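K.L.:
What follows is a single structure, and I will ask about it in a moment.
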Amino acid sequence: MFGGNVLNAAIDMYAYCTISTSNDGRLEFRAADLGESWTSTAETELTLEGPLVLHKAIYNRVIRDFNGGKPLAVKVTTSADAPPGSGLGTSSTMVVAILRAYQELLKLPLGEYDLAQLAFDIERKDCGLAGGKQDQYAATFGGFNFMEFFADDRVIVNPLRIRVEIINEIECSMLLYFTGQSRESANIIKDQIHSAESGDDKSLQAMHRVRRSAVEMKEALLKAEVKSMAGILGEAWQAKRDMARSISNTLIDTIYDRALSAGALSAKISGAGGGGFMMLFVEPTSKLDVMAALSDLEGSFYRFHFTKEGAQGWLV
């Protein structure tokens, strides 16, 4: 409707996929981290129901678009560092990882934009899961990027060159906290879409504020104004809360209030909202105080580093 802007930074929490060919004509999918598996004879098209729907949808696309409609007997094993529903783009990153593995196996001529767009089409169109495009592009490209999404479906990914000392300062000024609650992002995003399409002016204005905050954050990042970034993040969270009632809840509000009372500069839920991970900007000297303030809750802190690398694949 209006397009959008996203400032994204990739971190070292990954999705993994291993693909091997089978000689017995069988097709096997296994998500080792979820304890889910599915087996069948290799077919030309799989029904998108039951466990591991994303795995099936990816297989269908690969067979249809890149294997001449011929079935492929393979074993696909996956796992991820972040739990599903975390707000870190786990599902989209997994789709990119699986596609990247198929790309190596079948020598598919896909560039970065092709890979990201294909991942988007599979997740959003083939599977019908509501959501944006930023996660697929972030997982594919890696690094710090300012992304521009246009109303005519064009996407431009602008890599940002950030000095090492600035990246180090940002890492020292951030905490990544898992709230202990996963959430179904598609439902929350549907709430946001409904609010915008129904003419809810408060929700629509909030979306425009979030969009502007991405531009402001990019400018602060390029100028190495870390404290300004903290303020912009806080304003973006307040705007995001106005987009839909399901974005925040009592637990999130408790974490937010406790963290700021203990010295955090700002905080914001990652992804659609409703749970998952919260990013906190803190003074490096206040990190332990903030962590102590949340220690009796069910959540946990995750160590992370920013990474320049996007999707990687290799054949052995």
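Its first residue numbered 678, the sequence shown is counted upward by one per residue in this note's numbering. Built from N, CA and C at the ideal position, the CB exists for glycine as well. Please read these numbers as outputs of a predicted model, since none were measured by experiment.
Pick from Glu-705, Glu-713, Ala-828: whose alpha carbon is nearest that of Phe-679?
P.N.:
Locating residue 679 in the sequence shown gives position 2, counting from the first residue. Per the Cα distances, Ala-828.
K.L.:
Using 8 Å as the threshold, is the stretch 836-847 in touch with the stretch 937-953, meaning 3 or more CB pairs across them?
P.N.:
No, because fewer than three Cβ pairs between the stretch 836-847 and the stretch 937-953 fall closer than 8 Å, the two stretches do not touch.
K.L.:
Over the uninterrupted alpha helix (DSSP H) stretch that includes Asn-835, give me the two end residues.
P.N.:
Locating residue 835 in the sequence shown gives position 158, counting from the first residue. Where Asn-835 is concerned, there is no enclosing alpha helix (DSSP H), although the beta strand (DSSP E) it sits in stretches over 832-836.
K.L.:
Any idea if Cys-694 is buried or exposed, counting beta-carbon neighbours within 10 angstroms, 16 or more meaning buried?
P.N.:
Stepping through the sequence shown from its first residue, residue 694 is reached at position 17. The residue in question, Cys-694, is buried, as its Cβ has 16 or more Cβ neighbours within 10 Å.
K.L.:
Please tell me whether Ala-757 and Thr-767 are closer than 8 Å, where the distance is taken between their beta carbons.
P.N.:
Taking the sequence shown and counting its residues from 1, one reaches residue 757 at position 80. Taking the sequence shown and counting its residues from 1, one reaches residue 767 at position 90. Yes, the Cβ-Cβ distance between Ala-757 and Thr-767 is below 8 Å.
K.L.:
Hey, out of Thr-721, Ala-719, Met-771, Val-683, whose CA is closest to Leu-711's CA?
P.N.:
Within the sequence shown, the letter at position 34 stands for residue 711. Comparing Cα positions, the closest option is Met-771.
K.L.:
Under three-state DSSP, which class holds Thr-817?
P.N.:
Your numbering for residue 817 matches position 140 in the sequence shown. Helix, per DSSP.
K.L.:
Can Ala-916 and Arg-886 be called in contact, C-beta distance under 8 Å?
P.N.:
Position 239 of the sequence shown, counted from the first residue, corresponds to residue 916. Position 209 of the sequence shown, counted from the first residue, corresponds to residue 886. Contact flag set, yes.
K.L.:
Out of Asp-701, Ala-759, Leu-898, which one is the CA nearest neighbour of Ser-859?
P.N.:
Within the sequence shown, residue 859 is the residue found at index 182, counting from 1. Out of Asp-701, Ala-759, Leu-898, Ala-759 has the C-alpha closest to the C-alpha of Ser-859.
K.L.:
Pull up the DSSP beta-bridge partners for Ile-924, would you.
P.N.:
In the sequence shown, counting from the first residue as 1, residue 924 sits at position 247. Note: Ile-924 sits in no beta bridge, so no partner.
K.L.:
For Ala-988 versus Gly-820, is the C-beta distance shorter than 8 Å?
P.N.:
Indexing the sequence shown from 1 puts residue 988 at position 311. Indexing the sequence shown from 1 puts residue 820 at position 143. Not a contact, by the Cβ cut-off of 8 Å.
K.L.:
Have a look at Ile-740 and Asp-934 and give me their C-alpha separation to the nearest angstrom.
P.N.:
Position 63 of the sequence shown holds residue 740. Position 257 of the sequence shown holds residue 934. Approximately 50 Å, taken between the alpha carbons.
K.L.:
Are Tyr-854 and Phe-978 closer than 8 Å when you measure CB to CB?
P.N.:
Taking the sequence shown and counting its residues from 1, the one referred to as residue 854 is at position 177. Taking the sequence shown and counting its residues from 1, the one referred to as residue 978 is at position 301. Result yes, Cβ atoms of Tyr-854 and Phe-978 sit closer than 8 Å.
K.L.:
Determine, using beta carbons only, whether Trp-715 and Gly-727 come nearer to each other than 8 Å.
P.N.:
One-based indexing of the sequence shown puts residue 715 at position 38. One-based indexing of the sequence shown puts residue 727 at position 50. Yes, the Cβ-Cβ distance between Trp-715 and Gly-727 is below 8 Å.
K.L.:
Is the beta carbon of Thr-817 sitting closer than 8 Å to the one on Glu-789?
P.N.:
To locate residue 817, count along the sequence shown from 1; it is residue 140. To locate residue 789, count along the sequence shown from 1; it is residue 112. Yes, they are a contact pair.
K.L.:
What residue ranges within the stretch 914-986 form continuous alpha helix (DSSP H) runs of no fewer than 4 residues, ordered along the chain?
P.N.:
Counting whole runs of 4 or more residues, the stretch 914-986 contains the alpha helix (DSSP H) stretches 927-938, 964-970.
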